[in-house]
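Chemist: Count along the sequence shown starting at 1, add 404, and that's the number in my numbering.
Ideal Cβ placement from N, Cα and C applies to all residues, glycine included.
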Amino acid sequence: MDFNDEVAQAAWRAEVRSFLAQARPPTQADSSGEEVTWRNNPRMREWRRQLGERGWIAPAWPKEYGGAGLGVMEQFIMNEELAEAGVVSPYDTGVNLIGPTLIVHGSTEQRREHLARILEGEVIWCQGFSEPGAGSDLASLQARAVRDGDDFVINGQKIWTSHAHESDWIFMLARTDPDAPKHRGISMFLVDMKTPGVSVRPLVNMANRHGFNETFFEDVRVPSRNVVGEVNRGWYISTTTLDFERSAVGSAVSQRKTVEACLHRLRERTQAGGTGVSAALRGELADRWIEASVARLLSSRVASLQARGLVPNYEASIVKVYSSELGQRIAQTTMKVMGIHGLSWAGDGSGIGGYAVASYLGNVGSTIAGGTGEIQRNIIATRGLGLPRA
Ligand SMILES: Cc1cc2nc3c(=O)[nH]c(=O)nc-3n(C[C@H](O)[C@H](O)[C@H](O)COP(=O)(O)OP(=O)(O)OC[C@H]3O[C@@H](n4cnc5c(N)ncnc54)[C@H](O)[C@@H]3O)c2cc1C
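1. Return the chain-ordered list of same chain residues with a C-beta closer than 8 Å to the C-beta of LEU474, the five sequence neighbours on each side being excluded.
2. Rounded to whole angstroms, what's the CA-CA distance from PRO600 to GLY774? Just pull it up for me.
3. Enumerate in chain order the residues of its own chain whose CB-to-CB distance from GLU484 is below 6 Å, with the five nearest sequence positions on each side excluded.
4. Taking its Cβ as the centre, do 16 or more other Cβ atoms sit within 10 Å of PHE621, making it buried, or is it exposed?
5. Taking 7 Å as the cut-off, is the beta-carbon of ASP596 closer than that to any non-hydrogen atom of ligand 1?
6. Between GLY870 and ligand 1, is there a pair consisting of the residue's CB and a ligand heavy atom that are separated by less than 7 Å?
7. In the DSSP assignment, find the beta strand (DSSP E) that holds GLY615 and state where it starts and stops.
8. Just how far apart, CA to CA, sit ILE558 and MET592?
9. Mind checking which residues open and close the alpha helix (DSSP H) that includes ILE734?
10. To the nearest angstrom, report how far apart GLN454 and PRO585 are at their CA atoms.
11. According to DSSP, what are the bridge partners of LEU545?
12. Determine contact between the region 636 to 647 and the region 675 to 684, defined as no fewer than three beta-carbon pairs at a distance below 8 Å.
13. Note down, one range per segment and in chain order, each alpha helix (DSSP H) of at least 4 residues found wholly within the region 638 to 689.
14. Using the Cα positions of TRP693 and MET739, report the straight-line distance between them to the nearest angstrom.
15. Using the C-alpha atoms, what's the distance from ASP552 back to SER763?
16. Verify the contact flag: ILE528, CB atom, against every heavy atom of ligand 3, threshold strictly below 7 Å.
17. Give me the Cβ distance between GLY746 and VAL761, rounded to the nearest whole Å; I'm assuming they're in contact under 8 Å.
18. Mapping DSSP to helix, strand and coil, what is PHE423?
19. Measuring from the CB of TRP546, is there a heavy atom of ligand 1 at a distance below 7 Å?
20. Starting from ARG447, trace the beta strand (DSSP E) both ways and give me its first and last residue.
21. If contacts are defined as beta-carbon pairs under 8 Å, then LEU667 and LEU689 qualify, I think. What distance do you get, rounded to the angstrom?
22. Between the alpha carbons of HIS569 and GLN659, how many angstroms are there, rounded?
23. How close, in whole Å, do the beta carbons of TRP529 and PHE575 come, if the pair is a contact with beta carbons under 8 Å?
24. Which residues in the same chain as LYS844 place their Cβ atom closer than 6 Å to its Cβ, once the five residues preceding and following it in sequence are excluded?
25. Identify the continuous alpha helix (DSSP H) that holds VAL761 and give its terminal residues.
26. Could you tell me the distance, in whole angstroms, from the CA atom of SER703 to the CA atom of VAL624?
27. Pair every Cβ in the region 776 to 788 with every Cβ in the region 718 to 727, then say whether three or more of these pairs are closer than 8 Å.
28. How about the region 492 to 507 and the region 522 to 538: do they share at least three Cβ pairs that are nearer than 8 Å?
29. Could you pull the DSSP bridge partners for LYS562 from this structure?
30. In terms of alpha-carbon separation, which member of ALA489, LEU594 and VAL476 lies closest to LEU506?
31. Only counting the same chain, and skipping five residues up and downstream in sequence, which positions put a Cβ closer than 6 Å to that of PRO429?
Written out as structure tokens, the structure is:
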């Protein structure tokens, strides 16, 4: 297998790289550990405008909906170059999840109402799937939506809703037929967060970040035109959404760059006459370097399957397990490299100062979000290895 770019891919990579050099978008190192978003950062807004001019806000969307209609390998290369430049990800839940879902399953009216506003950055979306009693076993969800004339009335609770506190709209799942088998009585709704009866309560994580929330629905009236696809078919539509979530290949490049930043820091320290690097830490860094290279190969495999029109299944689960666990190992190694400085939240421009502690604490959630490591291993065992279900 040849992992080098083909001629056209190399030209595309050069085009993206030169655009990034000229656009100078905000990088993770600029952010001093704070989360940079379209709404809180003028440089991000300017960069979004520049991306928008090229149709690159949603590179995977078809051109007729304002995307760039790029192929899988072009997107893969673009993501690699964004990571290589250390850029804050320009893609949000609207671009990654609900936009593509509406392109596949939405009504003409829903596409007209929502897609352009997602591209313009006017509207921020969040995903209301998980509930206190329904995460891995999502089909057990209990939120209820009851038909009343031309509306549905929704009652229930969602949890771990990332960015709900700053979102304008939520796409959520609710049970519309409690008597049907559990996968067959669920519908997907588009809900304006300003609708009376929607409330959001913050959940602050152990990194002291307010990223996710509890979201409550009390007699929330939603017009039936806001159901995505057919009533009671929401489970099947949500699997499309989850496929988009899981096939978004994690960035092996940024993991390799973190290992490189660690090596750079150790070299500087040694040159400045500081303490040498222990054999154990050397071995650990070598392992992380090899693992980051393996992560890239695994990601390339998923991208090449998609490029051939195949739907990655257990292959995407392998990437999810490997990358999320590697992220945790790299964060642990980084903390050893940083020593006492690893405890500081202040950025130091090196790319790892401030980042180290945020990454060490923040990465704990990566083996849970988007399907836990155990669930991915179940998929690998049954669909990949053909083992019987327990
Ligand atoms: C950072 C972060 C962001 C998130 N953002 C969102 C969001 O925006 N919107 C949203 O809807 N949700 C979000 N989630 C929720 C996420 O999807 C769930 O946490 C996840 O699906 C796991 O569900 P749970 O927390 O209910 O754990 P549970 O499903 O209760 O699992 C508990 C433990 O049991 C294990 N387990 C469960 N079932 C099995 C099984 N069959 N075999 C083996 N082990 C099993 C799990 O692996 C886990 O270790 C987010 C989570 C995180 C961490």
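Modeler: Let me spell this out:
1. PRO463, ALA464 and MET482
2. 29 Å
3. VAL657
4. buried
5. no
6. Residue 870 is absent from the structure shown; the chain starts at 405 and stops at 794.
7. 614 to 627
8. 11 Å
9. 718 to 742
10. 48 Å
11. DSSP output for LEU545 lists no bridge partner at all.
12. no
13. 638 to 651 and 656 to 675
14. 16 Å
15. 47 Å
16. You won't find ligand 3 in this model; what it holds is ligand 1.
17. 6 Å
18. helix
19. Note that residue 546 is Gln in the sequence shown, not Trp. No, the beta carbon of GLN546 sits no closer than 7 Å to any heavy atom of ligand 1.
20. Looking at the DSSP string, ARG447 is not in any beta strand (DSSP E); the run it does join, the alpha helix (DSSP H), is 446 to 457.
21. 6 Å
22. 29 Å
23. 7 Å
24. No information on residue 844 is available, as it lies outside the stretch 405 to 794 that the chain covers here.
25. 759 to 766
26. 41 Å
27. yes
28. yes
29. THR619
30. LEU594
31. TRP451 and VAL491
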